[in-house]
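Numbering (UniProt numbering), first residue to last: 1 to 396.
Glycine included, every Cβ here is placed at the ideal spot set by N, Cα and C.
Predicted model, so just to flag it, every value in this text is computed and none were measured.
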Amino acid sequence: MLLVGVSSAFVFMEPSPYEVFSLFTLTVFAATGLAVTRAHAPLILLVILYNAGFTLSLIQVFGEPKTNMWVWVSWYLGLTAIGFALIATRDTARRLNALLTGLTIGAVGAALCGIAGYFGVMSELFTLYGRARGTFNDPNVFGPFLVLPAVLCGLRVLGGGAGALVRNVPILAVLLLGLFLSFSRGSWFIFVASAMVAVVLSLLTARSPVARARISLLTGAGVVFVVGLVVAALSFDEVGALFRERATLTQSYDTGPLGRFGRHILGAQLALDHPFGIGPRQFHLLFVEDPHNVYLNAFLSGGWISGLAYALLVLLTLVFGFTPVLRRSPWQIAYIAIYSTFVGNVALGFVIDSDHWRMFWMLLGLVWGLSIATRLTPETAMAATRARTSGQAVSG
């Protein structure tokens, strides 16, 4: 699991090291036994339906090699989500710690490469169009990848003592600077949205008024820290110029009849007229660009089967994962970070095609796995029993 986490930060080639290590890990766990419960059934069924829609729609454009590969990749990513859900259900603390440790190590390495590239060290390798991309092919994928470890470090600061502060603040600074220099509006949005959800969940799960006051105080200090980091970065002329260009709600390619939002309208009309979709990777042939809406793309690429399955999968993941995240468990801080980052990714999906983001499917699978594990863990069961007993005593 450690190697899976580290390798997820290196996506310079296809297949990437992540594909190799994740497939190997899933194979090993499958061979040695995975715990499949009835609670996993909705996830497995919806992932199969989602990809079955793509496979059926593929009949329309079967002769295109890139389209065939796109569908295979979709099946593979769905399989990784199921795999992470199954793996995280048992021996949860140890496996999750190994995965997140590796992911944080990889993220710091990727961020340092992106920062170095932005300031002239091997810039042709670690930047693209003047934006940091680290060890990724695209700044718009590099930036969002850094969000989970950044939110996790932030939560450890909020919930820990002086030692946690010393250990996590330097890591957080590196991750946030890398995220900022990606100049990805999507990654900025995911971080802000995820951080806000994480703070709210931390306040809801705080064990005392003193803990809530500490979280509020440190959150305020964190905002000042982030603003200071951004101001320091903006002191470089080239950073300031690119920031002014990128820090707008809309770019030229967002507006107009064939802009991002115009394509959403055209795509919705097209999806209504084609119950079986128009086939994977066909939208850009009609309207120059992809739809840049993951929900719309599911309907267009796989028809109503894929579209409805994906929407229901995301909704069920949000609902199924919410109540357990509020319960005390040995991995609650990590669970809050994962769930919050998933929420940010879900929201961003309305303006970006994230259906082939490895991190999205990892997050989705982990939410299911941690939700089931939290329901099964003895500590959680005892806490729930105490709560019910207390409630019955009061009502009696």
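Under 8 angstroms: does the beta carbon of residue i sit that close to some heavy atom of the ligand NAD?
i, result
"F225", "Ligands displayed in this structure: none; no statement on the ligand NAD is therefore possible."
Per DSSP, what kind of secondary structure is residue i in: helix, strand or coil?
i, result
"F54", "helix"
"V11", "strand"
"R131", "strand"
"F136", "strand"
"A384", "Model confidence at A384 stands at a pLDDT of 44, short of 50, so the residue's coordinates are unreliable; what they give is reported in the following sentence. It is helical."
"A41", "helix"
"L146", "coil"
"L376", "helix"
"V351", "coil"
"M359", "helix"
"S329", "coil"
"E64", "coil"
"V6", "helix"
"M69", "helix"
"G160", "coil"
Counting C-beta neighbours from all protein chains within 10 Å, is the total for residue i 16 or more, i.e. buried, or is it exposed?
i, result
"R207", "exposed"
"I278", "buried"
"H284", "exposed"
"I59", "exposed"
"L181", "buried"
"G120", "exposed"
"E238", "exposed"
"F360", "buried"
"R94", "exposed"
"A241", "exposed"
"G228", "exposed"
"L201", "buried"
Closest to residue i by CA distance: which of the options is it?
i, options, result
"F189", "G240, D138 and N345", "N345"
"T55", "E245, R94, P280 and V157", "P280"
"F83", "L103, R90 and L26", "Correcting the residue type first, residue 83 is Gly in the shown sequence and not Phe. Checked all of L103, R90 and L26; the closest Cα to G83 is L26."
"L96", "L313, W357, G349 and A337", "A337"
"A268", "V294, L99 and R246", "V294"
"L34", "G53, A81 and L86", "L86"
"A232", "G53, L177 and S16", "L177"
"G369", "A347, Y339 and R358", "Y339"
"T377", "W331, L229 and I171", "W331"
"G321", "F350, V367, F276 and P291", "V367"
"P42", "Y335, L313 and E124", "L313"
Would you mind reading off the limits of the alpha helix (DSSP H) that contains residue i?
i, result
"A35", "Looking at the DSSP string, A35 is not in any alpha helix (DSSP H), and its letter there is neither H nor E."
Next item on the list: Write down every uninterrupted run of the beta strand (DSSP E) in the UniProt domain "O-antigen ligase-related" (172–310) whose length is 3 residues or greater and which is fully enclosed by it, in chain order.
Entry: none
Next item on the list: Could I get the ranges of all uninterrupted alpha helix (DSSP H) runs contained in the stretch 93–133, with 4 residues as the minimum, in chain order?
Entry: 123–126
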